[in-house]
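First the structure, in the form of structure tokens, and then the observations on it.
There are 2 protein chains.
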Amino acid sequence: MPLPRQVFVAVIGAGGVGKCFLSQLSQLASNLSRSQSSPTYLSLILLSSSKKSVHHADYKSITHWEEALQASNTPPLPLPQLAEYLVKAPGKVVLVDNTSNQDVADSYPLFLKKGISIVTPNKKAFSGSYQLWTDIFDAAANGNGTGGYVYHESSVGAGLPVISTLKELVETGDEIRKIEGVFSGTMSFLFNSFQPVNGGGGKFSAEVKTAKEKGYTEPDPRDDLNGLDVARKLTILARLAGLKVESPTSFPVQSLIPKELEACASGDEFLARLPEFDDKMDELKREAEKEGKVVRFVGSVDVPKGEVKVGLEKFDKSHPIAALKGSDNIIAFYTKRYGDNPLIIQGAGAGGEVTAMGVTGDLLKVLKLLH
Amino acid sequence: MPLPRQVFVAVIGAGGVGKCFLSQLSQLASNLSRSQSSPTYLSLILLSSSKKSVHHADYKSITHWEEALQASNTPPLPLPQLAEYLVKAPGKVVLVDNTSNQDVADSYPLFLKKGISIVTPNKKAFSGSYQLWTDIFDAAANGNGTGGYVYHESSVGAGLPVISTLKELVETGDEIRKIEGVFSGTMSFLFNSFQPVNGGGGKFSAEVKTAKEKGYTEPDPRDDLNGLDVARKLTILARLAGLKVESPTSFPVQSLIPKELEACASGDEFLARLPEFDDKMDELKREAEKEGKVVRFVGSVDVPKGEVKVGLEKFDKSHPIAALKGSDNIIAFYTKRYGDNPLIIQGAGAGGEVTAMGVTGDLLKVLKLLH
Numbered sequence: 001m002p003l004p005r006q007v008f009v010a011v012i013g014a015g016g017v018g019k020c021f022l023s024q025l026s027q028l029a030s031n032l033s034r035s036q037s038s039p040t041y042l043s044l045i046l047l048s049s050s051k052k053s054v055h056h057a058d059y060k061s062i063t064h065w066e067e068a069l070q071a072s073n074t075p076p077l078p079l080p081q082l083a084e085y086l087v088k089a090p091g092k093v094v095l096v097d098n099t100s101n102q103d104v105a106d107s108y109p110l111f112l113k114k115g116i117s118i119v120t121p122n123k124k125a126f127s128g129s130y131q132l133w134t135d136i137f138d139a140a141a142n143g144n145g146t147g148g149y150v151y152h153e154s155s156v157g158a159g160l161p162v163i164s165t166l167k168e169l170v171e172t173g174d175e176i177r178k179i180e181g182v183f184s185g186t187m188s189f190l191f192n193s194f195q196p197v198n199g200g201g202g203k204f205s206a207e208v209k210t211a212k213e214k215g216y217t218e219p220d221p222r223d224d225l226n227g228l229d230v231a232r233k234l235t236i237l238a239r240l241a242g243l244k245v246e247s248p249t250s251f252p253v254q255s256l257i258p259k260e261l262e263a264c265a266s267g268d269e270f271l272a273r274l275p276e277f278d279d280k281m282d283e284l285k286r287e288a289e290k291e292g293k294v295v296r297f298v299g300s301v302d303v304p305k306g307e308v309k310v311g312l313e314k315f316d317k318s319h320p321i322a323a324l325k326g327s328d329n330i331i332a333f334y335t336k337r338y339g340d341n342p343l344i345i346q347g348a349g350a351g352g353e354v355t356a357m358g359v360t361g362d363l364l365k366v367l368k369l370l371h
Numbered sequence: 001m002p003l004p005r006q007v008f009v010a011v012i013g014a015g016g017v018g019k020c021f022l023s024q025l026s027q028l029a030s031n032l033s034r035s036q037s038s039p040t041y042l043s044l045i046l047l048s049s050s051k052k053s054v055h056h057a058d059y060k061s062i063t064h065w066e067e068a069l070q071a072s073n074t075p076p077l078p079l080p081q082l083a084e085y086l087v088k089a090p091g092k093v094v095l096v097d098n099t100s101n102q103d104v105a106d107s108y109p110l111f112l113k114k115g116i117s118i119v120t121p122n123k124k125a126f127s128g129s130y131q132l133w134t135d136i137f138d139a140a141a142n143g144n145g146t147g148g149y150v151y152h153e154s155s156v157g158a159g160l161p162v163i164s165t166l167k168e169l170v171e172t173g174d175e176i177r178k179i180e181g182v183f184s185g186t187m188s189f190l191f192n193s194f195q196p197v198n199g200g201g202g203k204f205s206a207e208v209k210t211a212k213e214k215g216y217t218e219p220d221p222r223d224d225l226n227g228l229d230v231a232r233k234l235t236i237l238a239r240l241a242g243l244k245v246e247s248p249t250s251f252p253v254q255s256l257i258p259k260e261l262e263a264c265a266s267g268d269e270f271l272a273r274l275p276e277f278d279d280k281m282d283e284l285k286r287e288a289e290k291e292g293k294v295v296r297f298v299g300s301v302d303v304p305k306g307e308v309k310v311g312l313e314k315f316d317k318s319h320p321i322a323a324l325k326g327s328d329n330i331i332a333f334y335t336k337r338y339g340d341n342p343l344i345i346q347g348a349g350a351g352g353e354v355t356a357m358g359v360t361g362d363l364l365k366v367l368k369l370l371h
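Protein chains in written order, with the working numbering: chain A, 1 to 371; chain B, 1 to 371.
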């Protein structure tokens with residue numbers, strides 16, 4: 001594959017996903033540089049966490065990034081200065097945004113217009129205002145523009161090939177009828193444990209506690225239970241399917257935070273009081289059971305009707321959504337070509353390594369296009 | 001997306017997949033030509049069936065291909081002349097091979113070396129001798145060479161994103177441990193009907209007859225039952241996962257054609273005598289049932305052990321392979337990153353429209369790379 005000889009990579013974010021990505025980047029850089037037919041050299045010219053930055057005025061490649069970041073006393077560059085630094089790099093630049101920061105996301109159009117490509121799992125760029133979405137793809141070379149390329153596979157379902165598949169269905173002329181699935185590893189775990197297909201399952205509040213202890217929830221579980229994370233992913237898919245969704249709060253999203261607990265001062269207070277609502281959740285379980293069904297937290301896009309929604313629904317026990325295991329995601333595309341049996345993608349939709357894999361895969365796509 | 005201004009497309013094969021592809025191509029060409037930022041013009045400069053060819057010495061674009069092909073008195077060009085015609089085209093050329101012809105497949109290295117890109121669902125090119133595989137990717141720009149690009153998503157699982165996903169797992173540095181699945185729509189239908197998860201199911205010979213009547217089998221059902229089609233797909237996946245598989249007959253493949261019927265003179269004689277073996281098949285069913293399992297015809301690749309095999313296996317009724325419906329395919333990738341819960345892709349793995357979709361998707365990939 002004729003890749004460009006040298007590409008400069010800048011990485012913002014060195015948390016869970018960021019660390020996994022940097023490790024995958026090292027391996028990729030080493031593989032690409034050893035290609036006999038057309039070696040490519042990836043130079044890491046900037047790495048920043050929320051507190052520190054490593055970069056050199058002469059664009060020298062950063063080696064031993066962990067030590068370098070630890071030893072750094074330089075604060076992160078403000079975004080305009082970051083753009084200036086990257087634009088002056090002596091070659092093509094790919095910015096890898098491994099944060100979930102809205103300010104960084106808001107500056108994508110600026111970076112793209114300057115010819116800088118972007119790969120990222122940051123949902124906020126693609127699920128914020130529709131104006132930002134338009135600005136990004138009006139600037140990007142893989143949109144209507146002539147700037148850098150932008151890819152964001154990991155913004156939905158982590159490394160699962162969800163976005164690339166949806167794009168290909170659309171670009172090859174299929175008609176998307178419905179997209180439906182479980183888009184949150186946390187919600188998947190909670191409901192697969194709360195109401196397993198074969199019966200049993202614990203109290204809802206107890207499953208939330210277990211999920212938190214296993215590290216499956218955000219530090220404050222309310223950030224999962226409010227449904228906003230799923231709503232953001234549905235916003236992205238609906239837009240890719242051609243719907244002009246204004247924002248992740250412009251369609252019905254069912255929150256699993258009881259009204260009475262919305263005012264809780266802390267996540268701990270919330271968790272302490274959640275058992276008061278177990279009876280209500282058990283009632284839902286029994287209702288579903290009576291119909292031979294189970295309750296799951298899903299998102300769906302009905303494209304012809306232009307409807308997006310997120311919340312609890314009941315599924316037959318033989319339905320693939322009911323049969324999901326662990327904290328897996330599942331995404332079903334119902335299209336004209338695939339008819340009644342949808343194209344289904346299933347697997348881990350969260351976690352550092354698989355999220356980073358989607359980012360690394362996107363980086364490879366950009367490298368092929370930059371040749 | 002900056003696509004090349006004009007690309008010449010040559011299509012061999014105008015059967016079920018070919019016709020669907022040509023219809024998708026018309027739609028794609030129309031969409032791409034209307035792009036405001038960077039229109040691309042696709043010109044169909046050759047179309048041939050097994051008996052006729054349409055092409056013009058001045059590379060004039062073929063319009064109304066159905067009528068043109070019907071009206072043509074020109075026999076197909078021999079392969080060396082085809083190559084010569086395409087090489088002299090005044091621009092980049094993509095050859096779309098919608099045949100399952102071995103001779104065409106054998107000439108891919110020649111076309112690729114001349115800078116002609118190839119997109120195809122033709123399994124024979126990638127599952128024949130290992131030498132042909134090597135020759136193809138040594139010539140291709142997305143291999144070790146500097147020639148045209150080659151993509152073959154539809155050679156496994158039709159339009160399902162199987163090959164692209166496997167490639168991305170490998171290229172981003174994941175470790176493939178096992179690939180397992182149902183790779184034949186025919187075999188899927190036969191066993192989902194023969195032994196449904198919820199009990200029941202007909203005699204095996206009766207299910208074969210039904211499948212033939214529904215058009216789910218090859219004209220001679222023995223061409224499905226011998227397992228070679230599945231073996232070819234496993235050969236392709238195993239090679240992509242890094243195994244040097246010599247040919248689709250170099251590993252164990254269980255044929256469902258009873259030894260005693262191998263000498264049948266015709267498919268009809270075979271179908272007439274198949275009921276003699278229903279007892280044996282029912283015995284398999286009962287054995288599986290005793291263990292709470294069902295029988296399915298699967299293929300698998302164990303990468304660390306270097307083992308590929310195709311044949312009948314028993315699966316727990318809760319296993320995704322057991323729960324498959326209709327004639328769907330399912331492919332599970334077990335990797336280091338995905339752990340015990342594999343990345344699963346599921347859906348129709350046969351049919352004109354979805355197979356053509358994989359080819360059209362590949363054409364789009366090549367167009368993006370040819371810019």
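Glycine is no exception: its CB is placed at the ideal position from the N, C-alpha and C atoms.
The beta strand (DSSP E) enclosing A/Y41, as first and last residue numbers: Taking the first sequence and counting its residues from 1, one reaches residue 41 of chain A at position 41. A/Y41 -> beta strand (DSSP E) spans 41-48.
B/D328 touches chain A at which residues, Cβ-Cβ below 8 Å? Translated into positions along the second sequence, residue 328 of chain B becomes position 328. The answer, in chain order, is N341.
Helix, strand or coil: how does DSSP classify A/S72 here? Locating residue 72 of chain A in the first sequence gives position 72, where the first residue counts as 1. Of the three classes helix, strand and coil, the one that applies to A/S72 here is coil, per DSSP.
Taking only three categories from DSSP, how would you classify A/F137? The residue labelled residue 137 of chain A in the question sits at position 137 within the first sequence. Correct three-state label for A/F137: helix.
Under 9 Å between C-beta atoms, does B/Y151 make it to chain C? Absence of chain C from the displayed structure is noted, the protein chains being A and B.
With distances taken Cα to Cα, identify the nearest neighbour of A/S154 among A/S184, A/T217, A/V354. Looking up residue 154 of chain A in the first sequence gives position 154. The option with the nearest alpha carbon to A/S154 is A/V354.
Is DSSP giving A/R34 helix, strand or coil here? Here residue 34 of chain A refers to the residue found at position 34 of the first sequence. Secondary structure at A/R34: coil, using DSSP grouped into helix, strand and coil.
Near A/G185, what residues of its chain come up, given a Cβ to Cβ distance below 6 Å and the 5 sequence neighbours on each side ignored? Residue numbering aside, residue 185 of chain A sits at position 185 when the first sequence is read from its first letter. So the qualifying residues of the chain are S327, G349, A350.
Counting only C-beta atoms, is B/H64 closer than 9 Å to chain A at any point? Your numbering for residue 64 of chain B matches position 64 in the second sequence. Interface flag for B/H64 against chain A is unset, since no Cβ pair is found closer than 9 Å.
Chain A contacts from the stretch 345-367 of chain B (Cβ-Cβ distance under 7 Å): Cβ contacts with chain A come from I345, Q346, G347, A348, E353, V354, M357, T360, G361, L364.
Taking 9 Å as the CB-CB limit, is B/R232 close to chain A? Here residue 232 of chain B is taken as the residue at index 232 of the second sequence, counted from 1. For B/R232, the answer is no, since every Cβ of chain A falls outside 9 Å of its Cβ.
Going by the CB atoms, is the gap between B/L25 and B/L44 shorter than 9 Å? Along the second sequence, one-based indexing puts residue 44 of chain B at 44. Along the second sequence, one-based indexing puts residue 25 of chain B at 25. Going by C-beta atoms, B/L44 is nearer than 9 Å to B/L25.
If we ignore side chains and look at the alpha-carbon of each, how far apart do B/R296 and B/N329 end up? Translated into the one-based positions of the second sequence, residue 296 of chain B becomes position 296. Translated into the one-based positions of the second sequence, residue 329 of chain B becomes position 329. Spanning the two alpha carbons is a distance of roughly 12 Å.
Cβ neighbour criterion (16 or more within 10 Å) applied to A/R239: Locating residue 239 of chain A in the first sequence gives position 239, where the first residue counts as 1. Buried: at least 16 other Cβ atoms inside 10 Å.
Could you say if the stretch 298-313 of chain A and the stretch 230-249 of chain A meet the contact criterion of at least three C-beta pairs nearer than 8 Å? yes
For B/I118 versus B/V94, is the C-beta spacing smaller than 9 Å? Your numbering for residue 118 of chain B matches position 118 in the second sequence. Your numbering for residue 94 of chain B matches position 94 in the second sequence. Taking 9 Å as the Cβ cut-off, B/I118 and B/V94 qualify as a contacting pair.
Under the DSSP definition of a beta bridge, which residues are partnered with B/A10? The residue you call residue 10 of chain B lines up with position 10 of the second sequence. B/A10 pairs with B/L46, B/L95.
Are the beta-carbon atoms of B/I236 and B/S318 separated by less than 9 Å? By 1-based counting over the second sequence, the position of residue 236 of chain B is 236. By 1-based counting over the second sequence, the position of residue 318 of chain B is 318. Against a cut-off of 9 Å, the Cβ pair of B/S318 and B/I236 comes out as no contact.
Pop quiz: B/D138 and B/N144 are said to be a contact at Cβ under 8 Å. What is the actual Cβ separation, rounded to whole angstroms? As a working mapping, residue 138 of chain B is identified with position 138 in the second sequence. As a working mapping, residue 144 of chain B is identified with position 144 in the second sequence. The Cβ separation is near 5 Å, so the contact holds.
Identify the contact partners of B/K325 in chain A, using a Cβ-Cβ distance below 7 Å as the criterion. Locating residue 325 of chain B in the second sequence gives position 325, where the first residue counts as 1. What B/K325 touches in chain A: N341.
Extent of the continuous alpha helix (DSSP H) to which A/N192 belongs: Against the first sequence, residue 192 of chain A aligns to sequence position 192. That run of the alpha helix (DSSP H) goes 185-194.
Under 8 Å (Cβ pairs) to chain A, residues found in the stretch 151-179 of chain B: G159, L160, P161, S164, T165, E168, L169, E171, T172, G173, D174
Quick one: is B/R222 buried, meaning 16 or more other Cβ sit within 10 Å of its Cβ, or exposed? Counting from one through the second sequence, the residue named residue 222 of chain B turns up at place 222. It is buried - the Cβ of B/R222 has at least 16 other Cβ atoms within 10 Å.
When we look at the beta-carbon of A/H152 and count the other beta-carbons within 10 Å, is it buried (16 or more) or exposed? What you label residue 152 of chain A is simply residue 152 of the first sequence in a count that begins at 1. Result: buried.
Check the C-beta distance from B/L99 over to B/G13 and give it rounded, since I have them as a contact under 8 Å. Along the second sequence, read from residue 1 onward, the residue named residue 99 of chain B stands at position 99. Along the second sequence, read from residue 1 onward, the residue named residue 13 of chain B stands at position 13. Per the sequence shown, residue 99 of chain B should be read as Thr rather than Leu. Indeed, because the Cβ distance is near 4 Å, the residues count as touching under 8 Å.
Pick from A/Q6, A/C264, A/S49: whose alpha carbon is nearest that of A/P90? Within the first sequence, the letter at position 90 stands for residue 90 of chain A. That would be A/Q6, whose Cα lies nearest to the Cα of A/P90.
Can you tell me which residues form a DSSP beta bridge with A/H55? The residue labelled residue 55 of chain A in the question sits at position 55 within the first sequence. Answer by DSSP bridge pairing, in chain order: A/L46.
Reduced DSSP secondary structure (H/G/I, E/B, other) of B/G361: Numbered from its first residue, the second sequence carries residue 361 of chain B at position 361. Helix.
Rank A/H56, A/G115, A/D302 by C-alpha distance to the C-alpha of A/P76 and give the top, closest one. Translated into positions along the first sequence, residue 76 of chain A becomes position 76. Cα-wise, what sits closest to A/P76 is A/H56.
Under 8 Å, with one C-beta from each stretch per pair, do the stretch 171-190 of chain B and the stretch 332-342 of chain B reach the 3-pair mark? The stretch 171-190 of chain B vs the stretch 332-342 of chain B: in contact.
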